[in-house]
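So the protein sequences, as listed, match chains A and B. Sequence positions in the first sequence follow our numbering and run 1 to 321. Sequence positions in the second sequence follow our numbering and run 322 to 644. The structure appears right after this line, and notes come after that.
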Amino acid sequence: MSTVGSSRQAGALYWPVQLRRNVGVRGLFAVVMAFLVAYGFLFPGLFTASGFAKFTQSWFPLALVAMAQAILMLTGGISLAIGAMVSLGAVIAATTMTGPLGVAGGATAVALTGVGIGGATGFIVVKLRLPAIVVTLAGSFIIGGAALLILPRPGGAIPEWLSDLLAGNTPAAFVLLVLIVLLWKLYLATPLGLSLYAAGENPVGAYRSGVPVDGARVAAYAISGLLCTGAGLFVAAQTGSGDPIIGTAFTLNSIAAAVLGGIGFLGGQGTMRGALAGSLLLSLMISVMFFLGFTPVAQYVAQGLIIIGAVAIPQFRKVQR
Amino acid sequence: MTAWKETVGGRRALTILRSRPFLTVAIVAAVWIVASFVSRGFGAYGHLRYLVELAAVIGLVAAGQTFVVIAGGIDLSVAAIVTVSAVSLPLLSWQADPTGLTAVLAVLALTTTIGLVNGLGVALLRVHPMIMTLAMATFLQGLLIIIAGGSAVTAENPLVRWIGNARPAGIPAGVLLWVAVSVIVLAAMHATSFGARLFAMGANPLAATLSGVPFASTTLAVYGISGFTSGLAGVLVLGMNGQGYVGIGDPYLLASIAAVVLGGTSILGGLGTYAGTIPGAILLVTITALITVVNASPGWRSILFGSLILGLLLLSGREQARR
């Protein structure tokens with residue numbers, strides 16, 4: 001009787017708690033909405049089926065790497081190997097899927113590589129107690145080198161139907177993203193997922209309370225690796241082939257998206273919805289600048305300025321107060 | 322029959338033997354000795370001098386990086402600043418000054434200003450150093466392509482050419498420059514109150530601020546120094562190369578961080594010394610040279626480089642658990 005009551009109470013608490021977690025990112029949500037409206041106004045094509053499909057497809061890989069970075073930052077880690085992992089996923093997909101392994105085998109290989117390398121990175125960082133930033137910097141060379149070995153120059157192929165399914169005129173990317181977000185919610189309900197925030201916020205306290213801190217952190221690295229190689233598979237499907245350096249830009253962009261989304265560097269601060277909104281904002285910025293005819297060079301300059309501004313202004317207001 | 326460990330001199334010797342910089346020096350020596358037996362010509366004076374000359378560039382970049390890391394930050398814009406220095410110097414040529422000194426000073430002032438802007442962002446706007454310097458690197462990358470247009474520019478500056486090529490008393494001028502900078506850096510780090518403030522700030526910024534360490538001005542100074550030494554490295558690399566192009570500084574980002582960490586400085590700040598970074602820089606160049614000797618494909622070379630750094634980290638870069 002009492003357990004039923006308490007669980008109902010917990011159920012009643014769920015939405016207020018979730019609303020409270022929005023507090024930090026409300027401003028960001030407003031900015032993203034404003035950008036979306038402006039974008040829809042400038043390019044009405046957004047509201048057609050194909051326009052929506054194309055838009056979500058350009059956002060999807062960035063959303064995945066932002067989630068990959070956010071998981072690590074929530075546990076107090078960071079990865080500078082995101083870009084290399086994306087490249088590795090792309091070249092593995094492009095070399096295996098048309099071979100004897102087939103699409104299913106290729107996708108499995110991509111997923112296993114992501115979990116394996118991510119888990120190994122996590123093991124080195126967590127169990128051997130090496131600084132994450134240096135390990136992943138060295139790791140980016142090893143992973144990037146492996147990608148170059150598999151495919152020394154752009155090439156390989158992705159089956160036509162898979163490219164059409166993922167990057168054609170279908171909302172497949174959006175559906176996948178919704179699925180991944182649901183899986184993330186499920187993961188947060190498992191013991192390891194519950195430990196994630198505790199392990200990032202206060203590892204010593206969490207450890208003393210019996211939280212599997214090391215397990216949660218290694219699992220976060222493994223999931224992060226899986227998301228990165230998954231993003232690589234998608235990028236390969238988008239371009240129809242593999243490229244050993246295609247992921248390079250994702251390292252910076254993943255950190256930028258996570259930080260724009262309010263994820264703290266010290267661990268335990270921030271929400272995944274924030275990271276997703278951050279990646280959406282970044283993706284919108286890039287497409288708007290592209291459509292407004294900015295040269296890639298001016299895009300760099302503007303992107304650098306906007307990232308600093310977006311991070312600095314809320315901080316500045318906090319200091320003023 | 323007192324053991325030698327008990328004497329003052331003995332204890333001091335033991336501290337040095339157990340210190341991380343010494344460990345890095347020992348690794349470098351071991352690698353050099355083994356490599357000169359395995360590969361003919363590796364141990365030749367000319368080759369070793371060449372290695373140290375290459376290490377001077379990394380050492381200069383890593384000097385600023387060591388300051389920043391000890392103070393609890395990180396500078397991811399050093400590569401872009403090296404490029405700015407190497408690309409903008411050839412564009413500044415004044416006929417009035419035959420030595421080329423003014424152009425060099427102007428470029429150093431420019432890179433120091435870039436560093437100070439980084440410091441402003443970190444200290445006043447409270448942007449995380451990683452974001453501030455990454456965004457600065459992105460910004461500079463765009464600006465550079467606008468300025469230089471993607472083509473290589475040749476340096477006509479006599480001073481720069483002298484720094485890159487002259488060998489007074491058989492020692493490359495770049496190495497002499499590195500030695501001079503090292504002496505100043507070590508003195509500033511370990512024998513001034515500024516240095517003491519750095520360590521305090523890196524170990525615990527809140528406690529340091531409450532104890533009266535001027536957070537803003539120290540942070541500004543640290544990033545300014547990083548901009549200055551990166552600019553100096555850009556001048557040196559331009560002198561050695563003869564040409565500046567966009568991307569010339571790219572290898573020095575990872576190299577500077579790796580040199581700092583391999584030298585035993587904690588990436589979390591508050592712990593370390595430039596005395597470790599110096600052999601760290603030489604070690605990195607040695608690794609690269611060895612990999613070139615192996616004559617592997619670019620993929621394997623990259624894998625070897627990453628694995629060796631990871632292996633060396635296991636040997637020397639373990640973070641003690643501390644809160």
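Note that beta-carbon positions come from the ideal geometry of N, C-alpha and C, so glycine has one too. On a predicted model such as this, the values are computed, not experimentally measured, just so you know.
Mind listing the chain A neighbours of residue i? Cutoff is C-beta to C-beta under 9 Å, in chain order.
i, result
"Gly620 of chain B", "Gly144, Gly145, Ala146, Ala147, Leu148, Leu149, Ile150, Pro152, Pro244"
"Val352 of chain B", "Result: empty, since nearest Cβ-Cβ is about 17 Å, beyond 9 Å."
Could you have a look at residue i and say whether DSSP puts it in helix, strand or coil?
i, result
"Gln69 of chain A", "helix"
"Gln238 of chain A", "helix"
"Gly99 of chain A", "coil"
"Thr475 of chain B", "strand"
"Leu130 of chain A", "coil"
"Gln18 of chain A", "helix"
"Thr613 of chain B", "helix"
"His449 of chain B", "coil"
"Ile263 of chain A", "coil"
"Phe343 of chain B", "helix"
"Asp571 of chain B", "coil"
"Pro535 of chain B", "coil"
"Thr136 of chain A", "helix"
"Phe358 of chain B", "helix"
"Gln303 of chain A", "helix"
"Ser254 of chain A", "helix"
"Ser587 of chain B", "coil"
"Phe363 of chain B", "coil"
"Ala642 of chain B", "Confidence in Ala642 of chain B is poor, its pLDDT being 44 and thus under 50, which makes the residue's placement too unreliable to answer from."
"Gln57 of chain A", "helix"
"Leu226 of chain A", "helix"
"Ser2 of chain A", "Residue placement at Ser2 of chain A is flagged as unreliable, the pLDDT there being 45, under the threshold of 50; the coordinate-derived value follows with that caveat. Ser2 of chain A falls in the helix class under three-state DSSP."
"Pro419 of chain B", "coil"
"Leu592 of chain B", "coil"
"Phe294 of chain A", "coil"
Here's the rule: buried if 16 or more other CB atoms are within 10 angstroms of the residue's CB, otherwise exposed. What is residue i?
i, result
"Arg129 of chain A", "exposed"
"Arg332 of chain B", "exposed"
"Ser472 of chain B", "exposed"
"Met33 of chain A", "exposed"
"Leu112 of chain A", "exposed"
"Asp396 of chain B", "buried"
"Pro479 of chain B", "exposed"
"Glu374 of chain B", "buried"
"Asp164 of chain A", "exposed"
"Gly274 of chain A", "buried"
"Gly552 of chain B", "buried"
Please list the partners that residue i has in chain B, where partner means a Cβ-to-Cβ separation under 7 Å.
i, result
"Gln69 of chain A", "Those do not exist, as Gln69 of chain A stays about 12 Å from chain B at its closest Cβ, beyond 7 Å."
"Tyr221 of chain A", "Near Tyr221 of chain A there are no residues of chain B at all, since even the closest Cβ is about 15 Å away, more than 7 Å."
"Gln303 of chain A", "Thr459"
"Val329 of chain A", "The structure shown has nothing for residue 329 of chain A, since chain A only spans 1 to 321."
Quick one: which chain A residues come within Cβ less than 7 Å of residue i?
i, result
"Ile630 of chain B", "Ala138"
"Gln462 of chain B", "Tyr300"
"Ile578 of chain B", "Val134, Leu137"
"Ile467 of chain B", "Val297"
How is the alpha helix (DSSP H) around residue i delimited, first residue to last?
i, result
"His511 of chain B", "494-511"
"Ser290 of chain A", "The identity of residue 290 of chain A in the sequence shown is Phe, whereas the question assumes Ser. First-last of the alpha helix (DSSP H) with Phe290 of chain A: 272-291."
"Pro411 of chain B", "399-412"
"Pro489 of chain B", "Neither: Pro489 of chain B is in no alpha helix (DSSP H) and is coded neither H nor E."
"Ala249 of chain A", "Per DSSP, Ala249 of chain A belongs to no alpha helix (DSSP H) and is neither H nor E."
"Gly210 of chain A", "Note, Gly210 of chain A: premise wrong, no alpha helix (DSSP H); not H, not E."
"Ile395 of chain B", "First-last for Ile395 of chain B: undefined, no H or E at that position."
"Thr387 of chain B", "366-391"
"Asn439 of chain B", "422-444"
"Val178 of chain A", "172-189"
"Ala30 of chain A", "26-42"
"Ser514 of chain B", "514-524"
"Leu80 of chain A", "Element bounds for Leu80 of chain A: n/a, residue is neither H nor E."
"Ser618 of chain B", "It is not in any alpha helix (DSSP H) - Ser618 of chain B carries neither H nor E in the DSSP assignment."
"Leu166 of chain A", "160-167"
On the DSSP bridge list, what partners appear for residue i?
i, result
"Gly155 of chain A", "A:Gly242"
"Gly565 of chain B", "B:Val474"
Residue i touches chain B at which residues, Cβ-Cβ below 9 Å?
i, result
"Ile255 of chain A", "Met451, Ile452, Leu455"
"Ile308 of chain A", "Gly442, Leu446, Val448, Ile452, Met453, Ala456, Met457, Phe460"
Residues of chain B with CB closer than 8 Å to the CB of residue i, please, in chain order.
i, result
"Gly141 of chain A", "What sits at residue 141 of chain A in the sequence shown is Phe, not Gly. Within 8 Å Cβ-Cβ: Leu575, Ser623, Ile624, Phe626, Gly627, Ile630."
Is there a Cβ of chain E sitting closer than 7 Å to that of residue i, yes or no?
i, result
"Phe294 of chain A", "Note that chain E does not occur in the displayed structure, where the protein chains are A and B."
List, in chain order, every chain A residue whose beta-carbon is nearer than 8 Å to that of residue i.
i, result
"Ile612 of chain B", "Here the premise fails: no neighbours, minimum Cβ distance about 11 Å."
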